[in-house]
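Numbering (the UniProt record's numbering), first residue to last: 1 to 138.
Glycine is no exception: its CB is placed at the ideal position from the N, C-alpha and C atoms.
Some notes on the structure that comes next.
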């Protein structure tokens, strides 16, 4: 587990908990707010674990699914909040956007690391042949 990300995630959850459960009104579309906040949490949460792409993806999807439904269930019990299935849909859309961006960034970084190692050694050059990539000794 990455401690810096865990610390940032803790502060993010405190802030979002205040926004989600305090009796305050913010002049922004509720569904946009749900999408942005859950997208941010999903993006950060993906990078919490260092278990590989597939496991990070599975853990993040599971956590975001539980949070998307759980936050609305809790709001249903608060006197100043109401349960709304459209909020769940916005939560899930934001989660998918955040996870999609995180997976894209993870793959891009992996490719950059691979290209950086291959190019810094100076032993290989990369050629494109049709649709496949071929490494050739220089």
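A check of alpha carbon separations from residue 73 across 84, 36 and 64 identifies 84 as the nearest. In this structure, DSSP gives residue 3 a helical state, which the three-state scheme calls helix. Here the C-alpha atom of residue 38 lies approximately 18 Å from the C-alpha atom of residue 49. Look at the segment 37-111 and you find these whole runs of alpha helix (DSSP H), each 4 residues long or longer: 53-77.
In this structure, residue 95 places its C-beta atom within 7 Å of the C-beta atom of residue 42.
Of all C-beta pairs linking the segment 21-32 to the segment 74-82, three or more are shorter than 8 Å, placing the two stretches in contact. With fewer than 16 other Cβ atoms from the protein chains shown falling within 10 Å of its own Cβ, residue 82 counts as exposed.
The three-state reading of DSSP puts residue 24 in coil, since its state is none of H, G, I, E or B.
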